[in-house]
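One line per chain: the protein sequences are W and P, in this order.
Reading the first sequence from the start, the letters are residues 1 to 346 in the numbering used here.
Reading the second sequence from the start, the letters are residues 347 to 690 in the numbering used here.
Just so you know, even glycine gets a beta-carbon here, dropped at the ideal spot from N, CA and C.
Read the structure below first, then the notes.
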Amino acid sequence: MTTITQDNKTPFSSKFLQFYKDRTLLAILLSLFAVMFVYGIFFTDNYLTITNFKAIIRDAALYGIMAIGLTFVTLSGNFFLLSLKETASICGVTFAMGMATGFGSPDLVGNFLVSLLAALSVGVLSGVIQGYFVGMGGNPIVVTLGGAGILYGIGAWWSDNLVINFKRPHDAEWLGTGSFLGLPSITLAFILIAIAAELVLRHTNFGRKVYLVGANKAAGRATGHENFSMAIIVFTICSVCCAFVAVAFVAQMDSAQSNYFSAEFGSSGDMTILVIATVMVGGNSIMGGYGSTLRTSLGAIFIAMVDNMMVLQGFNSGPRIVGVGLMIVFSIIVFGLFAKGSRAQE
Amino acid sequence: MENFFKKVTKDVDLSFAILLSFCVYVFFSLNIEIFFSHNISFAILERFAVLGLVGLALTICIIAGEIDLSIGSNAALCAVIVVKLTDPLGAPFAMLIGLSVSTLIGAIQGFVIAFIRIRAIVITVGTLMLLRGVALLIAEEKTVMLTDFRVPDFITTKVLMYFSPASLTVIFIFICVGIFMRYTKYGREIYAIGGARKEALTAGIPLRRPMVIAFALSGFCAGFAGTVIGLKSGTAQGLGLQYLLLAGTVAAFVGGVSILGGKGGVLGAAIGALTVNFLNTGLVFYALQVHFVQLFTSVLLVIVIVFQTMSRVFDSRQSRKSLLATIDERKTTLLEKKRTVLGK
């Protein structure tokens with residue numbers, strides 16, 4: 001992962017090459033970026049405008065934040081959650097309930113802070129419970145598949161499968177549709193969360209532990225870092241990210257329903273799979289211990305860029321889903337071939 | 347018969363599955379008057395034709411130590427192909443094409459997994475999205491429909507009171523796969539690479555062959571489930587059938603497979619699928635919304651997982667305890683030996 005460079009006098013070009021060699025996948029991603037970008041400039045109308053660029057980043061922000069949360073889970077070697085969209089949907093329903101009805105008490109109707117806290121605590125709760133089962137030794141895929149059904153069922157039950165509306169002048173507008181410094185607030189949140197996550201992973205004790213447990217579970221256990229507590233913490237981080245995205249999305253739509261995040265979200269099918277795709281296209285190792293949130297953010301922007309280009313070229317949802325699917329399969333195979341013969345091989 | 351009883355009592359998970367399915371059946375029979383009747387049994391077997399196959403597909407994958415997430419998309423793709431081709435080509439030929447496509451997709455997945463040596467969940471998440479897109483492309487983002495309804499009528503006719511051509515075919519597939527998994531070399535190889543992969547590879551079993559066979563079989567089963575659904579209803583959608591993954595996983599886990607691989611069997615898959623069918627059919631009588639069915643199915647899955655995980659933790663603790671006990675015993679015998687030698 002990290003290399004120790006002793007000679008500082010090497011010329012820039014060889015340093016650049018060394019950088020590329022160490023980060024082959026990042027390099028591939030950046031090259032693909034460049035190719036797509038150039039292609040977009042020449043063959044798509046209205047591609048190279050500030051408005052469109054803002055739209056791309058805004059698209060990327062919604063699933064990028066969730067993907068950054070998921071990166072923690074992936075890095076710690078717990079694969080991924082299949083309950084991302086269900087967690088988001090139940091948190092969105094909670095938030096909308098708070099904004100519309102105040103959870104039964106008339107004083108709290110439209111109280112942004114209480115609704116936000118309620119939504120986040122639902123996220124924390126679902127993360128802790130799922131993380132507990134995974135930490136106990138359950139398989140993350142199966143546990144979260146079951147968790148997904150339960151979360152969706154409870155969310156739909158609570159909201160009676162209806163759309164919960166709340167009226168326009170509300171306290172959450174700044175988060176949903178407002179903007180600071182010319183950027184939508186959700187985009188700013190994405191940038192801030194990406195920077196914070198990268199700093200946490202690189203420069204804190206906890207971040208290094210995530211890498212350690214992900215890279216080698218046995219070594220982690222031997223040095224006293226059990227996967228039990230790690231699973232609970234990373235699942236909670238991921239669920240809180242989902243809750244935050246749900247709150248922002250609901251604030252934008254002024255309404256919530258339990259299948260807002262289900263099929264046909266955005267454009268590329270299922271939200272859960274889209275987020276997992278983001279993590280994988282970024283080139284993070286799904287076995288854990290290798291990758292970064294920077295890659296994930298780049299993956300999110302890349303997927304949003306390609307999707308945006310296909311929309312501008314007038315493709316239907318079928319070819320767009322095929323495009324994203326091909327990207328995932330391609331990145332998995334390339335990553336697998338590069339990692340062949342190393343420890344990623346079990 | 348005696349052998350069967352011995353096997354059931356020896357296998358904790360299988361006996362748990364039988365007990366669970368019995369409990370669910372008795373619960374609904376006591377609460378709903380008409381549940382214990384010929385017609386309901388026919389309805390349960392009709393559902394079994396779909397869900398049993400999906401459960402079987404996931405069971406084979408999990409026995410090989412992997413999990414196939416792309417089952418719903420594979421089934422949807424096959425359903426779209428079969429429904430689209432039935433009108434111009436006739437049902438048998440359309441089924442042939444659809445099933446060979448889904449089997450081929452499964453085989454390619456298995457080959458990639460064995461060749462690159464990655465976990466199946468990684469590649470199947472990708473193919474989940476890719477196949478869904480391909481199904482949408484083939485269906486041109488519309489719902490594909492049959493115009494000739496003789497085929498749906500034929501496959502849902504009652505035969506022998508409880509069966510229909512669809513469920514008879516599915517039972518036949520179950521028996522064939524069961525014999526294949528239990529009594530052939532290739533079937534045993536799938537168990538070997540699931541239960542103890544390193545040991546199996548060291549013993550000379552190639553990884554590629556069992557992996558390709560396992561995923562081809564699971565692709566075939568998923569495709570057949572999609573075919574049955576598509577031909578029965580006469581319609582197919584590119585985005586449909588995603589619920590099959592949850593239902594199939596529940597069926598497989600209730601049937602006693604272990605996520606670590608190498609455990610479980612076709613009999614378990616059948617019992618697991620029946621349990622889920624009892625639950626789904628029973629819930630129909632309470633006129634609940636769809637999300638409640640999903641909720642209860644997930645609760646069933648969580649119960650089974652908790653049971654399995656607890657029994658695994660308990661087993662490992664027990665084995666550790668017995669290991670410590672044997673070490674203690676050896677220590678004391680050694681000490682005694684020493685003492686006797688020194689005493690002399």
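Query                                                                                                                              : Result
The region 468 to 490 of chain P: positions lying closer than 9 Å to chain W by Cβ                                                 : V468, I469, V471, G472, T473, L474, M475, L476, L477, R478, G479, V480, A481, L482, L483, I484, A485, E486, E487
Alpha-carbon to alpha-carbon, W/A219 and W/E346                                                                                    : Residue placement at W/E346 cannot be trusted, given a pLDDT of 42 that sits under 50; the coordinates are not used to answer.
Exposed unless 16 or more other CB atoms sit within 10 angstroms - verdict on W/L337                                               : exposed
W/T296 - DSSP class collapsed to helix/strand/coil                                                                                 : helix
CB contact check: W/F79 to chain P, cutoff 9 Å                                                                                     : yes
Cut-off 7 Å between Cβ atoms - residues of its own chain near P/T493, not counting five sequence neighbours on either side         : D433
Contact with chain W by P/I464, beta-carbon distance below 9 Å                                                                     : yes
Chain-ordered neighbours of W/A256 on chain P, where CB pairs are closer than 8 Å                                                  : Under the 8 Å cutoff, chain P gives no residues; its nearest Cβ is about 15 Å from W/A256.
Reduced DSSP secondary structure (H/G/I, E/B, other) of P/N377                                                                     : helix
Bridge partner(s) assigned by DSSP for W/N165                                                                                      : W/S255
Rounded straight-line distance, which links the Cα of W/T94 to that of W/I328                                                      : 33 Å
Nonlocal neighbours in the same chain, by C-beta distance under 8 Å from P/I501, ignoring five residues either side                : S510, P511, A512, V574, L577, K578
Residues that P/Q635 contacts on chain W, provided the C-beta gap is smaller than 8 Å                                              : A156, N161
Touching by the beta-carbon criterion (3+ pairs, under 8 Å), the region 163 to 175 of chain W and the region 239 to 259 of chain W : yes
Chain W contact residues for P/S644, given Cβ-Cβ distances below 9 Å                                                               : L145, G146, G147, A148, G149, I150, L151, Y152, G153
Euclidean distance between Cα positions of P/L365 and P/L620                                                                       : 12 Å
Stretch pair the region 396 to 405 of chain P + the region 557 to 569 of chain P: three plus CB contacts closer than 8 Å           : yes
CA-to-CA distance, W/V109 to P/S337, given in whole angstroms                                                                      : An answer regarding residue 337 of chain P cannot be provided, because it is not within the stretch 347 to 690 covered by chain P.
Environment of W/F270 [buried if 16+ CB atoms lie within 10 Å]                                                                     : According to the sequence as given, residue 270 of chain W is Asp; it is not Phe. By the neighbour-count rule (16 or more Cβ atoms within 10 Å), W/D270 is buried.
Length of the line joining the Cα atoms of P/L591 and P/S419                                                                       : 9 Å
P/S657 versus W/S121: straight-line alpha-carbon distance, rounded                                                                 : 31 Å
Own chain partners of P/A485 with C-beta closer than 6 Å, once the 5 adjacent residues on each side are dropped                    : V426, G584
Beta-carbon proximity check, P/H637 vs P/M507, cutoff 9 Å                                                                          : no
Simplified DSSP assignment, three categories, for W/F72                                                                            : helix
Where the region 300 to 331 of chain W meets chain P: residues whose CB sits under 9 Å from a CB there                             : N316, S317, G318, P319, R320, I321, V322, G323, V324, G325, L326, M327, I328, V329, F330, S331
Residue-level contact to chain W via CB, P/T679, 9 Å cutoff                                                                        : no
Which listed residue (P/V428, P/Y589, P/V622, P/T405) has its alpha carbon closest to that of P/I390                               : P/V622
Residue closest to W/T71, alpha-carbon to alpha-carbon, out of W/S89, W/I154, W/I186, W/A300                                       : W/A300
Cβ distance (whole Å) where W/C238 is taken to contact W/V73 below 8 Å                                                             : 5 Å
Residues, ordered as in the chain, of the region 651 to 672 of chain P that lie near chain W by beta-carbon distance below 7 Å     : I651, T655, R658, V659
Reduced DSSP secondary structure (H/G/I, E/B, other) of P/L415                                                                     : coil
Short Cβ contact (9 Å threshold) for W/I347 with W/S258                                                                            : No statement about residue 347 of chain W is possible, as the shown extent of chain W runs from 1 to 346 and does not include it.
Residue-level contact to chain W via CB, P/T595, 9 Å cutoff                                                                        : yes
Interface flag, P/G401 vs chain W, CB-CB below 9 Å                                                                                 : no
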